[in-house]
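What follows is a short report on a single structure.
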Amino acid sequence: PEYIDYEGNGAQTGDHLLNFTLTDQSDQSMCLSQLLGHVLIVDASTRWCGPCNEAAAGSAVLWEEMKAIGPSYITTLLVQDGSGLPATLADSEWWAETYGIEYPVVLDNAGQTASSWGVVNYPVFLFVAPTGEIVQRWEQKPSESDVLNFVEFAVEEWADDLRQSVE
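For the sequence shown, the residue numbers in this note's numbering are -11 to 155.
Set out below in structure tokens:
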């Protein structure tokens, strides 16, 4: 409720990530503002990208480690299929099933969201504070320790902005 009017203003370090409403792997509509109040890692990925697939392969375990530190989420913006065409619901279902992912894997609407974020290479990882502010933008797959260190820092830094439970 407190984030209902959240819009955001960009996708670079220091910006507040642009809000989006997209369809997830369960064919449900979800928006970024639903995840605010949590420490958030957002990645823009494609099925054809090796480092994207590597990141996804370890992400379910990583998310459990993140939640043990504090209220946090990962979400994947799936932009393209294995041949570079726009990703489909079947692609997001495959991604979630293949990698055992329970967090949102949202479909980019024909690349519009990635384009608005200035994504030209994959993967891109955005480390987002509970307030929506982008603290770091990685133009490559971060290490697990980079992710966990960010979550620890963010939980401490923005403790007053955190929601108390992960849905």
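Idealized CB from N, CA, C, for every residue including glycine.
Legend entry - From I122, L50, P111, R151, residue whose alpha carbon lies closest to that of A(-1): Looking up residue -1 in the sequence shown gives position 11. Cα-wise, what sits closest to A(-1) is I122.
Inset, instruction - Assess, as a yes-or-no matter, whether the region 113 to 130 is touched by the region 76 to 84 under the definition of 3 or more beta carbon pairs within less than 8 Å. - result: no
Legend entry - Run of the beta strand (DSSP E) containing W126, from where it starts to where it stops: In the sequence shown, the residue the question calls residue 126 occupies position 138. Element bounds for W126: 122 to 126.
Inset, instruction - Tell me whether S21 is buried or exposed, calling it buried when 16 or more other Cβ atoms sit within 10 Å of its Cβ. - result: By one-based count along the sequence shown, residue 21 stands at place 33. Answer is buried; the Cβ neighbour count reaches 16.
Inset, instruction - Within its chain, find whatever has a CB closer than 8 Å to the CB of G(-4); leave out the 5 residues flanking it on each side and keep chain order. - result: What you label residue -4 is simply residue 8 of the sequence shown in a count that begins at 1. In the same chain as G(-4), and ignoring 5 residues on each side of it, the C-beta atoms closer than 8 Å to its own belong to D3, H4, L5, L6, N7, L20, G120, in chain order.
Legend entry - Residue of A117, V116, Q13 minimising C-alpha distance to D96: As a first step, residue 96 must be located in the sequence shown, where it is residue number 108. Per the Cα distances, Q13.
Legend entry - Enclosing alpha helix (DSSP H) for L6 [first to last residue]: For this step, residue 6 is matched to residue 18 along the sequence shown. Taken as a continuous stretch (DSSP letters only), L6 belongs to no alpha helix (DSSP H), as it is neither H nor E.
Legend entry - Straight-line gap, S17 to F141 (C-alpha atoms, nearest Å): Reading the sequence shown from its first residue, position 29 is the one you call residue 17. Reading the sequence shown from its first residue, position 153 is the one you call residue 141. Using only the alpha carbons, I get a separation of about 30 Å.
Inset, instruction - For G72, collect the residues of the same chain with a Cβ closer than 8 Å to its Cβ; drop the 5 residues on either side in sequence, then sort them by chain order. - result: On the sequence shown, position 84 is the one that residue 72 refers to. Closer than 8 Å at the Cβ level, and outside the excluded window around G72, lie T34, W36.
Inset, instruction - Could you please give me the residues that DSSP links to D31 through a beta bridge? - result: As a first step, residue 31 is located in the sequence shown; it is residue number 43 there, counting from the start. According to DSSP, which records beta bridges pairwise, D31 is partnered with T64, F113.
Inset, instruction - Could you give the DSSP three-state label for G70: helix, strand or coil? - result: Counting from 1 along the sequence shown, the entry for residue 70 is found at position 82. Looking at G70 - three-state DSSP - the assignment turns out to be coil, as it is neither helix nor strand.
Legend entry - Endpoints, the alpha helix (DSSP H) within which C37 is located: Reading the sequence shown from its first residue, position 49 is the one you call residue 37. Counting along the chain, C37 sits inside no alpha helix (DSSP H), nor does DSSP assign it H or E at all.
Inset, instruction - Write down the C-beta distance between Y(-6) and L28 rounded to the nearest angstrom, noting that I regard them as a contact closer than 8 Å. - result: Counting from 1 along the sequence shown, the entry for residue -6 is found at position 6. Counting from 1 along the sequence shown, the entry for residue 28 is found at position 40. 13 Å between Cβ atoms; not a contact.
Legend entry - Distance between C40 and Y110 (C-alpha atoms, nearest Å): Within the sequence shown, the letter at position 122 stands for residue 110. Within the sequence shown, the letter at position 52 stands for residue 40. Approximately 7 Å between the Cα atoms of the pair.
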